[in-house]
Structures are given as structure tokens and as C-alpha cells.
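According to this note's numbering, the first sequence holds residues 843 to 1473 in order.
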Amino acid sequence: MTGERPADENVVAALEVDLHDTLKYSLLGPSLTKSGQDNVDQTKVSEIIYNASKGSKFFNHEEYRDKNLTQKIERILGKKKQLEKLDLASDRRKADDCIAELELARDLSQTLVHIDCDAFYAAVEELDRPELKDVPFSVGKGVLTTCNYHARKFGCRSGMAGFVAKKLCPQLIQLPLNFDKYTSKAQEVREIIVEYDPRFESASIDEAYLNITGYCEKHDISAEDAVQQLRREVHEKTKITISAGIAANAKLAKICSNQNKPNGQFLLPSDRNAIMAFMSDLPTRKVNGIGRVFERELDAVGVKTCGDIYAYRQYLSKLFGEKSFFFLMQCYLGLGRTNVQPAEEYERKSVGTESTFRDMNDPVELRDKLRATAEELEKDMLRTKFKGRTLVLKIKLHTYEVLTRQIIPPKAVYLKEDLYNFAVPMLAKLEQDFPGMRLRLMGLRCTHLVSMKKPDTMSFFGFKRKATGPLDTGGSVPSSPQKRKADALSTDEGQWEQWPDELLFEEAERQEREDELQELETLSQEIDKRRHHGKEVVPNPTPKKGAAEDPTEDEWWDCPICMRPQATDEKAFNGHIDLCLSRQTIKDAVQETGETPTTKPLKRPSTASEKGKNNRSGAGGDPKQKRLCFG
DNA sequence: CATTTTAAT
DNA sequence: CTGCATTAAAATG
């Protein structure tokens, strides 16, 4: 395409390429590793994407982020240069010790499978409209959620903007989403895979992890044959093709399911040498937690494959942090988790909603939007039966810059009125800090959740996870035992145990205590209203690690009244509370002193405080402020 | 050092 | 040029 231009323009174009090739690579999108692109000329594709998006606000923001990343990489490289001068023997030893320890714990006894439906949404649409089979089409309007393999030949990909995809493939047909259709189809698939592992884990609507060790043993069948059979069965019964990876752990299985996509499977033998060889020349990007940013950072220091990690092991901790170091060690060794558990058994940490809309800067309109967002969140909170101790407001400016602000309301919240009322001050503060700000997205999220599930339904009351799973908080036990017949059946396999009556009693006590704490919170809010004329928000007395958590998991709790750490022993703790309450009740505090009874109030979040008004975003010389342009 | 905010997946 | 959730690192006071 450059051949048509005059020579000097070619020079300019070449310069642009040099300046922006990292950006172009980034613009290729997050799903570069996904299949169906092998025969596509990525250079040509990125050129088209680049030209299609050039000049847009989105592009400018990507450019900005790309520059930041380039700078960050320069810092990393500088640091590496420094490190090269030093003696890193101890770091190398640390890495070697880590490797030795990990190696010792390597578990090759399990057979894990990752299955992934091929172009799932598109496949479901094709079932309804077979004529789509021979033409390129995508599902999703503004952004492609997925597209069929015809479209992929043109460079179209999930996550790509619709208009960009149209540039790559003008014939592309874009279908709207039919989420219900995909959900029910996914359910059909799940009904089949549950026979292979009753405790399979849904990773998303079209992905699942299975542990088929038991199945293979029971049916005296090889893993490969079992998966072959599973895939055939799924195809016969649902007309959906799936790809699968078979390996010793979840990380490897996930990588393997991509190897022979679509409609294929790949087995990585559970053999240390085979695994090491497999990882040795595997590009880092193929690993699940490594995306385009980390890939570039690793590439910059010389790590292109998982095998390369070893040679740089003495640098990684200092360059990327302890967690990344540990993660990379596991990548090098091809290690991953071998346990698989139903997704419902994972403890939820937040509930939130967000939406994108046409640019908006009218304060009244913004408040309307906030109210609507609060209403949406209330629905989700009621559905999931949670309250949140922390409320997070997220906005995206018209420039695509994202900002979040959070507060700790005086009580756990979930009602739309509360959500709105406690969020409005954050919005107001943002409007103050960024006068005339224009938004394209608004979101609300509750974190530090408190369950509202009452432990009074047999659906969960009689059972408790035995393993040290996240379910130890009585409230977050899965509420949907109806479909997983295995849950009820596997009691004798040691997966579940009946709660002893004693524990049941303690659970009831725990619930009572939680309710008490809730009352305290409400009262302390009352105090606060009187003290601050309803204007300000004061933190609630909260046990250090959250009142809803199982005390046996913590070393100690803060007494919500005197704030002193207390033993986790329930009797002792309750005894102390009684004492504390009798000595100094909340109501006394209100009537006599007007002070909250907490001798050591929790720190107030800056967003809700007066002294927070001069924090960085408001400061005149803040580079962030300059960067933002409001029209 | 604890908490808040950002950034990445 | 989505939406939802989780996690880690950076920034902040």
C-alpha cells in the first residue's frame, strides 16, 4: 500500500511506523493469541486498524498509554542495567530455592481438561441461521464479542470495534447479541460435561475446567479417549464444536486447548521433561495471566518464551515484583493449580455495574445517570444478597481516562437510595476537581461485602465445605445446589460434611452478632448525623477484617466498641462485648457527650473528608490535571 | 505503613 | 471501541 505514495510521504510513513509500531501492536487487541489468525497478514491488518482509528479519542488514549508503557519499560531497562553491575548471587540463589521448592510440590497425579467452545456465540447463531455458515459475520454491535472463522480470515477478532472490523471486511455481517440463547445453549453443554466431572468449574459462559482423573479411572479409559468421547457427545447433542486441552494442571490445560483450535484437542503428557520442553519455547503471551503489557515488558528485558525466564531469574523479582516473580517461576516450570471447583464456591468479593453512554457533562443529567446506576446496582445486590461496606464510583472521561473514588459509608449499603446518596458526594467532588468534566461511562461497585443470606434455609444450612475453601463465611455458601446433584451425593466422598449441632448453634450466634453489629452501625450513623448536621460521614466500628468473616480464620478481632484487639474465641469475644456495652453504651455516648464511643476511630476516606480537598487531583501543578482537556 | 487509586487481565 | 470481576502495583499521606 505504501507503493502508491510519493517518495517523501513514504519517508514520513516509515517514521510513523517506527514511532508507532508498538502502538500498532497494541491496537491489534488483547486476543491476538486467539486462533483463526494464523494465515492473516498481521502487518497489513495492523496498518488498517491504525488508519481506521487514527485521530479518534480512543486512539489518542491508546497512544498516551503506549507512551507511558514505553517510559515504564525504559525505567525497567535502566533498573536492569543497574542490577547487572551488582552481585546478584543471593537473588539467583533465592530463585533457585524457589524453583527447588516448587519442583518438590509438583503434582502430576491429576488429569485436568480445559474445554472451550469454538466461536461460541457465532456458532449458536449459525445453528439458527445456517446460511451464515458461508459468510463472514460477527456477534455484538459496537464491539465484536466474537466472530466466525470466515471473519477471522480478514483479521476480525473479538474485542475489536465494529467499524474497524468493517474496514477489514466490508461484507461483514454484524448480529446483535442474544444472551439468553447463549446461556441456554451453554447449559446444554454443561449437562454433558457434568457427567465427566460433577464438580467441573465454569470459567466463563463457554469455558470450563474438568478434573477427569476419577472418570478415567472409573471407566478404565485413557484421558485422550475420554475427551474425544466428550467432544463427540457434545457435538452430537448440542451441535457445538469444542476444543480441549489435557494436562497435569489448569494452566497447562488452558494453553493446550488453544493448540488445536477449532474442534481439536491436545494432550500434554504428565511428564516433567515433556512439560519443561513444552514451556521452553512457549511465547510468554500464551500463558493466561500474561497480556500485551506484561508481554512487552518481559520482551524488553529479553524474556520471549517461558524457557527464557530461567536465564533472567535473578532479575525478575526486583524488576517486576515478588508476585510476578513467583508467577513467572511457575510459568517456567509449567506449574499450575490442580484443583477444580464449581465457580459458585468461590467467594464473591464485589458486585458492580457500569454503562457507557453518549458524552455527558450536565450535572443534572449526570445525577440522573448516577441514580439509574444505583438502581441497577440495587438489583444486583438484591439478587446476590449482599451489602457492601465500601462503595466505589467509577467514571470514564470522554478522553477514555478512567477514575475511581471510594468511600466507606457508615453502614453496609445495598438500597438504591443509600447507594445514590453516598455516591453523590464522590461525584460532586470529582466535578469540583475536574470542572466541566464530560463522562462516557459511569459505574458503581460494592466491595467488602456482607452477606444477607440468612442461614435459615435447608438449602445450605446443614452443609459446610470441609476443605479450607472460601466458604467458611457462613453467608456465602452457594445458593444454587439444585443443579449440582453431585453436591448432595458426594457427602460420603469426604467433600462435604454435616455441620455438628454445635457449629449450627455457633452459626446462629454469629448471625445474631452480625445483626448486632449492624445495629451499632446504624446507631453510630445517628450519632454522626447529630454531630455533623447530617453533612458528613463517619466511619463505622468495624472489626479489622470484616464482621462477616469467620473469626476462626483471623487471629483476632477488634472490639467494635473499644477497638482493642480481642481473642477470637467466641465466648470470650462475646463476653467482652457485653462488658463493653454495659460500661459505655452507644446511646449514652449520644446523649452525654455527643461523641462516638470509639476511642480510636477508623480513618476517614479522603473522598468524604474536608482535608481531602487538596489531594493530588485538585492540585494545580498536577501533571494529571494538565493532561486532561475538557471542552 | 495502611489505605486509595490505577492498571492489567 | 463493552461490561464484570479480580488482583497487584503504584501513589498517597
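Beta carbons: idealized from backbone N, C-alpha and C, even for Gly.
Model, not experiment: these values are computed from the prediction.
*Of the residues Leu1109, Pro972 and Lys1008, which one's Cα is nearest the Cα of Ile891?*
For Ile891, the closest C-alpha among the options Leu1109, Pro972 and Lys1008 is that of Lys1008.
_Beta-carbon within less than 8 Å of Lys983's beta-carbon, same chain only, minus the 5 sequence neighbours each way: which residues are those?_
So the qualifying residues of the chain are Gly1004, Gln1016, Pro1018 and Leu1019.
_Rounded Cβ spacing between Lys921 and Leu1161 (contact assumed at less than 8 Å)_ = Contact holds; Cβ gap of about 6 Å.
*Would you call Gly1178 buried or exposed, if buried means 16 or more other Cβ atoms sit within 10 Å of its Cβ?*
Buried: at least 16 other Cβ atoms inside 10 Å.
*asked:* Give me the DSSP bridge partner(s) of Pro1125.
replied: According to DSSP, which records beta bridges pairwise, Pro1125 is partnered with Thr1147.
*Roughly how many whole angstroms lie between the Cα atoms of Leu954 and Asp1022?*
Straight-line measurement puts the Cα of Asp1022 at about 29 Å from the Cα of Leu954.
*Assumed close pair Leu1269, Thr1198 - CB separation to whole angstroms, cut-off 8 Å*: In fact, because the Cβ distance is near 17 Å, the residues do not count as touching under 8 Å.
*Going by C-alpha distance, which of Ser1046, Asn1105, Tyr1057 and Ala1089 is nearest Arg1074?*
Cα-wise, what sits closest to Arg1074 is Asn1105.
*Output yes or no for whether 8 Å exceeds the beta carbon distance between Ser868 and Glu916.*
Going by C-beta atoms, Ser868 is not nearer than 8 Å to Glu916.
*Classify Asp1201 as helix, strand or coil using the three-state DSSP reduction.*
Here Asp1201 carries a strand assignment [DSSP, helix/strand/coil].
*My understanding is that Val1193 touches Phe1228, with C-beta atoms under 8 Å, so please give their C-beta distance in whole angstroms.*
Confirmed, Cβ separation roughly 6 Å.
*Alpha carbon to alpha carbon, how far is Arg907 from Ser1159? Give it in angstroms, no decimals.*
Using only the alpha carbons, I get a separation of about 24 Å.
*Measure how close the beta-carbons of Val1206 and Leu1233 come, nearest whole angstrom, since I'm counting them as under 8 Å.*
With a beta-carbon spacing of about 22 Å, Val1206 and Leu1233 fall beyond the 8 Å limit used to define contacts.
*Alpha carbon to alpha carbon, what distance is there between Thr987 and Leu1245?*
Here the alpha carbons of Thr987 and Leu1245 stand approximately 25 Å from one another.
*Spatial distance of Ala1086 from Ala1050 (CA atoms)*: A straight line joining the alpha-carbon of Ala1086 with that of Ala1050 spans about 10 Å.
*With distances taken Cα to Cα, identify the nearest neighbour of Asn990 among Arg971, Met1002, Ala961 and Lys1128.*
Across the set Arg971, Met1002, Ala961 and Lys1128, the C-alpha of Ala961 shows the shortest separation from the C-alpha of Asn990.
*Looking only at its own chain, which residues have a Cβ that is under 6 Å from the Cβ of Val882, when we skip the five neighbours before and after it?*
Closer than 6 Å at the Cβ level, and outside the excluded window around Val882, lie Gly997.
*Using CA coordinates, which residue listed in Arg1200, Glu1196, Tyr1174 and Leu1208 is at the minimum distance from Asn1220?*
Reading off the sequence shown, one finds Glu at residue 1220, where the question assumed Asn. Out of Arg1200, Glu1196, Tyr1174 and Leu1208, Glu1196 has the C-alpha closest to the C-alpha of Glu1220.
_From Leu1110, Asp939 and Thr1025, residue whose alpha carbon lies closest to that of Ala965_ = For Ala965, the nearest C-alpha among the options comes from Thr1025.
*May I ask which residues mark the beginning and end of the alpha helix (DSSP H) holding Tyr892?*
Taken as a continuous stretch (DSSP letters only), the alpha helix (DSSP H) holding Tyr892 covers Gln884 to Ser895.
*asked:* Rounded to whole angstroms, what is the Cα-Cα separation between Phe1120 and Ala1095?
replied: C-alpha separation (whole angstroms): 12 Å.
*Is it the case that the Cβ atoms of Leu1286 and Leu1239 are separated by a distance below 8 Å?*
No.
*asked:* Given a cut-off of 8 Å on the beta-carbon distance, is the pair Val1145 and Leu919 in contact?
replied: Not in contact: Val1145 and Leu919 (Cβ atoms no closer than 8 Å).
*In angstroms with no decimal places, state the Cα-to-Cα distance between Ile957 and Ile1151.*
Straight-line Cα distance between these residues: approximately 28 Å.
*Starting from Asn1053, follow its DSSP beta bridges and name the residues at the other end.*
In the DSSP assignment, Asn1053 forms a beta bridge with Leu954.
*asked:* Helix, strand or coil for Cys1098? Go by DSSP, reduced to three states.
replied: Helix.
*In the structure shown, what three-state DSSP assignment does Arg1287 receive?*
In the three-state DSSP reduction, Arg1287 falls in the strand class (E or B).
*Taking the continuous beta strand (DSSP E) assigned at Glu1043, which residues delimit it?*
Element bounds for Glu1043: Glu1043 to Ser1046.
*Pull up the distance between the alpha-carbon of Arg1127 and that of Thr1147, whole angstroms please.*
Rounded to whole angstroms, Arg1127 to Thr1147 spans 8 Å at the Cα level.
*Classification of Lys1308 by the beta-carbon crowding that lies within 10 angstroms, buried from 16 upward*: Low confidence applies here, because Lys1308 scores a pLDDT of 37, under 50, leaving its location unreliable and the question unanswered by this model.
*asked:* Which of the three DSSP states is assigned to Glu1164 in this structure?
replied: The answer is helix: DSSP assigns Glu1164 an H, G or I state.
*Is the beta carbon of Ser888 less than 8 Å from the beta carbon of Leu870?*
Yes, these two residues count as a Cβ contact at 8 Å.
*Quick one: grab the DSSP three-state call for Ala1216.*
Ala1216 falls in the helix class under three-state DSSP.
_Straight-line Cα distance separating Cys1288 from Met1002_ = C-alpha separation (whole angstroms): 29 Å.
*Cβ neighbour criterion (16 or more within 10 Å) applied to Gly1230*: Its Cβ being crowded by 16 or more others within 10 Å, Gly1230 is buried.
_Asp1222 versus Lys1253: straight-line alpha-carbon distance, rounded_ = Straight across, the Cα-Cα distance linking Asp1222 with Lys1253 is about 18 Å.
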